[in-house]
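K.L.:
There's a structure below that I have some questions on.
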Amino acid sequence: MDERLSSYGLVARAAIEFSVSLLTTLISERFARLDQSQGSGDPTATLEELYALLLICGHVLADEGEGELPLVPDSIQTHFVDFCEGNSHPIVVLSRSILLFAEKSVDPEIRASIFSPRLMEAVIWFLARWSCTYLMPPDGDGDSSSTLVQDKSPSRKAMLQFFGERNQGKYVLDVIVRISITALISYPGEKDLQVVEV
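Taken in order, the sequence shown gives residues 1001 to 1198; the numbers are from my numbering.
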């Protein structure tokens, strides 16, 4: 499955200017569909689609980065050059919509009606993969004395600074910590596996 998702991510990056807007539209439609169907109807199909979309978005927006410094993928860095404002940058718009959805998992009522353990697993997986690349990047915190910041395009600089320490980074980090705590408390896993034999 992971190889297939990696392939999807590579294909989407090859046409990144189209795939990011498509993913934003698809994921926003699924969020709206969930909001409309709360309390009525079976949201299983929508939740399955969201699960898959979260995994695909994670593979498109960020690399695994295991053992390396995670960087914004080249295809993302070289496109969207016309976006100098963080609020309107397509990567920020997609990321922010996923973060706002993920933040709903902190509410016990919404969590009980929407967030299955499988969906929470996808949310946590996305946040872990995404945050290594975009959340408070060492060269994107607005420190203009950094040579890395001076060498960046305005688009890339705006995208990284939006989630930097001096902008939305602290808020997003707080959200991720609250979601992580909620997941650990609400989805403890198999009790028998947690028991330590003496």
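Each residue gets a CB set at the ideal place from its N, CA and C atoms; glycine is no exception.
#1: Within 10 angstroms of its Cβ, does residue 1010 collect 16 or more other Cβ (buried), or is it exposed?
#2: Roughly how many whole angstroms lie between the Cα atoms of residue 1108 and residue 1166?
#3: Tell me whether the beta-carbon of residue 1179 lies closer than 7 Å to the beta-carbon of residue 1102.
#4: What residues in its chain sit with their C-beta under 7 Å from that of residue 1131, if we drop five residues either side in the sequence?
#5: Whole-angstrom Cβ separation of residue 1019 and residue 1012, contact assumed at under 8 Å?
#6: Check this for me: beta carbons of residue 1163 and residue 1134, under 7 Å apart or not?
#7: Taking the beta carbon of residue 1081 as the centre, do at least 16 other beta carbons fall within 10 Å, making it buried, or is it exposed?
#8: Which one of 1116, 1090 and 1047 has the shortest CA to CA distance from residue 1016?
#9: Once you ignore the five residues that flank residue 1126 on each side, which residues in its own chain have a CB closer than 8 Å to its CB?
#10: Between the C-alpha atoms of residue 1171 and residue 1100, what's the straight-line distance to the nearest angstrom?
#11: Please work out which residues of its chain come closer than 6 Å, Cβ to Cβ, to residue 1111, disregarding the five sequence neighbours upstream and downstream, and give them in chain order.
#12: Quick check on DSSP: helix, strand or coil for residue 1169?
#13: Pick from 1169, 1161, 1084 and 1124: whose alpha carbon is nearest that of residue 1181?
#14: For residue 1120 versus residue 1183, is the C-beta distance shorter than 7 Å?
#15: Measure the alpha-carbon distance for residue 1022 versus residue 1079 and round it to whole angstroms.
#16: Measuring CB to CB, does residue 1025 end up less than 7 Å from residue 1033?
#17: List the endpoints of the continuous alpha helix (DSSP H) containing residue 1009.
#18: Using a Cβ-Cβ cutoff of less than 8 Å, which residues in the same chain neighbour residue 1147 once the five nearest sequence positions on both sides are dropped?
#19: Which parts of the segment 1089 to 1143 are runs of the alpha helix (DSSP H), unbroken and 4 residues or longer, counting only runs that do not cross its ends?
P.N.:
So, from the data block:
#1: Here residue 1010 refers to the residue found at position 10 of the sequence shown. Exposed, because fewer than 16 other Cβ atoms sit within 10 Å of the Cβ of residue 1010.
#2: Locating residue 1108 in the sequence shown gives position 108, counting from the first residue. Locating residue 1166 in the sequence shown gives position 166, counting from the first residue. Looking at the two C-alpha atoms, the distance is approximately 30 Å.
#3: Position 179 of the sequence shown, counted from the start, is the residue given in the question as residue 1179. Position 102 of the sequence shown, counted from the start, is the residue given in the question as residue 1102. Yes, Cβ-Cβ distance for residue 1179 and residue 1102 is below 7 Å.
#4: If you number the sequence shown from 1, residue 1131 lands on position 131. So the list reads 1176, once near-sequence residues are dropped.
#5: Position 19 of the sequence shown, counted from the first residue, corresponds to residue 1019. Position 12 of the sequence shown, counted from the first residue, corresponds to residue 1012. Between residue 1019 and residue 1012 a beta carbon distance of about 4 Å is seen, short of the 8 Å cut, so the two are scored as contacting.
#6: Numbered from 1 along the sequence shown, position 163 holds the residue referred to as residue 1163. Numbered from 1 along the sequence shown, position 134 holds the residue referred to as residue 1134. Yes.
#7: Locating residue 1081 in the sequence shown gives position 81, counting from the first residue. Using a 10 angstroms sphere on the CB of residue 1081, the tally of other CB atoms stays under 16, which defines it as exposed.
#8: Counting from one through the sequence shown, the residue named residue 1016 turns up at place 16. The residue with the shortest Cα to Cα distance from residue 1016 is 1090.
#9: Residue 1126 sits at position 126 when you count from the first residue of the sequence shown. Taking residue 1126 as the centre and dropping the five residues before and after it, the same chain places the C-beta of 1054, 1055, 1057, 1058, 1098 and 1102 closer than 8 Å to its C-beta, in chain order.
#10: Counting from 1 along the sequence shown, the entry for residue 1171 is found at position 171. Counting from 1 along the sequence shown, the entry for residue 1100 is found at position 100. The alpha-carbon of residue 1171 is positioned some 11 Å away from that of residue 1100.
#11: In the sequence shown, residue 1111 corresponds to position 111, counting from 1. Excluding positions up to five away in sequence, the list reads 1105.
#12: Start at 1 with the first residue of the sequence shown, and residue 1169 comes out as number 169. DSSP places residue 1169 in helix when its eight states are reduced to three.
#13: Counted from its first residue, the sequence shown places residue 1181 at position 181. The shortest C-alpha to C-alpha distance from residue 1181 to any of 1169, 1161, 1084 and 1124 is the one to 1124.
#14: By 1-based counting over the sequence shown, the position of residue 1120 is 120. By 1-based counting over the sequence shown, the position of residue 1183 is 183. It is a contact, given that the beta carbons lie within the stated cut-off.
#15: In the sequence shown, the residue the question calls residue 1022 occupies position 22. In the sequence shown, the residue the question calls residue 1079 occupies position 79. Whole-angstrom Cα-Cα distance: 15 Å.
#16: Reading the sequence shown from its first residue, position 25 is the one you call residue 1025. Reading the sequence shown from its first residue, position 33 is the one you call residue 1033. Contact annotation: residue 1025 and residue 1033 have beta-carbon atoms that are not nearer than 7 Å.
#17: For this step, residue 1009 is matched to residue 9 along the sequence shown. Start and end: 1002 to 1014.
#18: In the sequence shown, residue 1147 corresponds to position 147, counting from 1. Since pLDDT at residue 1147 reaches only 36, below the 50 mark, its modelled position is unreliable, and the value read off the structure follows with that caveat. Here residue 1147 has no same chain residue with a Cβ atom under 8 Å from its own Cβ, once five neighbours each way along the sequence are excluded.
#19: Entirely contained in the segment 1089 to 1143, the alpha helix (DSSP H) runs reaching 4 residues are, in chain order, 1090 to 1103, 1108 to 1114 and 1117 to 1134.
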